[in-house]
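These notes concern the structure reproduced below.
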Amino acid sequence: MTSRALITALCALIAAPVAAFAASKDVYFDVPYVATPPAVVEGMLKLAGVGPNDVVYDLGSGDGRIVIAAARDFKVKKGIGIDLDPELVTLATKNAQAAGVADRVSFTRGDIFKMDFKDATVLTLYLLPDVNVTLRPRILDLAPGTRVVSHAFNMGDWVPDGAGSIDMRRIYLWIVPAKVQGGWTATVGGVPYRLDLTQQYQNAGGKVKVGPKETAFEMGIVKSDVFTFTAAGPITFEGKVAGDTMTGTLTAGGRRTPLTLTRDAK
Ligand SMILES: C[S@@+](CC[C@H](N)C(=O)[O-])C[C@H]1O[C@@H](n2cnc3c(N)ncnc32)[C@H](O)[C@@H]1O
Numbered sequence: 276m277t278s279r280a281l282i283t284a285l286c287a288l289i290a291a292p293v294a295a296f297a298a299s300k301d302v303y304f305d306v307p308y309v310a311t312p313p314a315v316v317e318g319m320l321k322l323a324g325v326g327p328n329d330v331v332y333d334l335g336s337g338d339g340r341i342v343i344a345a346a347r348d349f350k351v352k353k354g355i356g357i358d359l360d361p362e363l364v365t366l367a368t369k370n371a372q373a374a375g376v377a378d379r380v381s382f383t384r385g386d387i388f389k390m391d392f393k394d395a396t397v398l399t400l401y402l403l404p405d406v407n408v409t410l411r412p413r414i415l416d417l418a419p420g421t422r423v424v425s426h427a428f429n430m431g432d433w434v435p436d437g438a439g440s441i442d443m444r445r446i447y448l449w450i451v452p453a454k455v456q457g458g459w460t461a462t463v464g465g466v467p468y469r470l471d472l473t474q475q476y477q478n479a480g481g482k483v484k485v486g487p488k489e490t491a492f493e494m495g496i497v498k499s500d501v502f503t504f505t506a507a508g509p510i511t512f513e514g515k516v517a518g519d520t521m522t523g524t525l526t527a528g529g530r531r532t533p534l535t536l537t538r539d540a541k
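Heads up: the sequence shown is residues 276 to 541, going by the numbering used here.
This is the structure we're talking about:
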């Protein structure tokens, strides 16, 4: 390990929260309170591309600094913080009032594993790796395109879509991909088209069938609600996913065919 890598690892260790039992409050905290420095808060919100149309949730919101900065500096529509510690919820509420953003920001006492955050367009996290991984299935169920930024910790084998470093602290970005797994069919001019897709996070491979001809491909990409792949032929496809319908264009042998594909019933 280089000396720079060693210093980075030590800093991460010092800054890293470790799960704790707060005996005085008889509550188990999955992560203790450690605040994200202001420069890192700004970097996280910039990495997520936060703006006026966003609804930002900070899971484990501490003194409220992330959602308060989102409302004050990035003018988000709504900011919501959830924290198990009632004293931090009270402090965050006072901080929002002092920052003049109490009309768009609120803090709730609750357990992030039980609370609803389905309307988030941006999620911010400074938790722990195993906590992120436990939350991951719920995050993947959020609307395609929802951005997730995490200070310091990754999300298991879900590779980030973006990353950065601020004052030697790592930050990561994921964009929730649409769900494309399954079989999809369309018929155009009497020709049957079929996609059979297997998905892992933002990657999907499988087979494309045009009439009787089948071609396998591996490197399909799901970015937000858009699915693209290239297969031998060459065959290319770009489609927009809305639930069980995918609307796009398949180009094969230079011929472009608009397709509206329907997913097989489960
Ligand atoms: C590392 S701090 C992050 C605070 C803030 N997000 C920031 O970045 O400055 C983690 C926070 O999560 C809260 N927390 C821990 N377990 C929780 C749980 N199960 N549900 C809600 N909040 C929790 C803690 O009280 C603490 O405030």
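C-beta: ideal position from N, C-alpha, C; glycine also.
(request) Would you decide whether A298 is buried or exposed? Buried here means 16 or more other CB atoms lie within 10 Å of its CB. (result) With a pLDDT of 44 at A298, under the threshold of 50, the predicted position of this residue should be treated as unreliable, though the coordinate-derived value follows. So A298 ends up on the exposed side.
(message) Taking a contact to mean a Cβ-Cβ separation below 7 Å, would you say L359 touches L400 in this structure?
(response) no
(message) When you measure from the CB of R444 to every non-hydrogen atom of ligand 1, does any distance come out below 6 Å?
(response) no
(message) Between the alpha carbons of V306 and D405, how many angstroms are there, rounded?
(response) 10 Å
(request) In angstroms with no decimal places, state the Cα-to-Cα distance between I446 and F428. (result) 8 Å
(message) Within a Cβ cutoff of 6 Å, which residues of the same chain sit near L398, ignoring the five residues on either side of it in sequence?
(response) Y332 and V423
(message) Shorter than 6 Å, the distance from the beta carbon of S336 to the closest heavy atom of ligand 1, or not?
(response) yes
(message) Could you check whether the stretch 440-458 touches the stretch 411-419, counting it as contact only if at least three pairs of C-beta atoms, one from each stretch, sit closer than 8 Å?
(response) yes
(request) Please determine, among M494, Y303, T460 and D348, the residue with the shortest C-alpha to C-alpha distance to A314. (result) D348
(request) Would you kindly check if the distance between the Cβ of T490 and the Cβ of V483 is under 7 Å? (result) yes
(request) Please go through the same chain and pick out, in chain order, the residues whose beta-carbon is closer than 8 Å to the beta-carbon of A344, but skip the five residues on each side of it. (result) P313, V316, E317 and L320
(message) Could you tell me the alpha carbon to alpha carbon distance between T503 and V351, rounded to whole angstroms?
(response) 31 Å
(request) Could you name each continuous beta strand (DSSP E) segment of 3 residues or more that falls completely within the stretch 410-452, going from the start of the chain to the end? (result) 422-426, 437-441 and 444-450
(message) Just checking V424 against ligand 1 - is the residue's beta carbon closer than 6 Å to any of the ligand's heavy atoms?
(response) no
(message) Beta-carbon within less than 6 Å of T526's beta-carbon, same chain only, minus the 5 sequence neighbours each way: which residues are those?
(response) T511
(message) Given a cut-off of 7 Å on the beta-carbon distance, is the pair A377 and G339 in contact?
(response) no
(message) Once the 5 residues before and after R411 are set aside, which same chain residues still bring their CB inside 8 Å of it?
(response) M430, G431 and W433
(message) Please report the straight-line C-alpha distance between G529 and P509, rounded to a whole angstrom.
(response) 8 Å
(message) Let me make sure I understand the geometry here. Which of I355, G324, D329 and V325 has the alpha-carbon closest to that of G337?
(response) I355
(request) Please state if the CB of Y468 and the CB of A461 are separated by a distance shorter than 7 Å. (result) yes
(message) Taking 6 Å as the cut-off, is the beta-carbon of I355 closer than that to any non-hydrogen atom of ligand 1?
(response) no
(message) Please identify the residue among M390, A517 and A507 whose C-alpha is closest to the C-alpha of V497.
(response) A517
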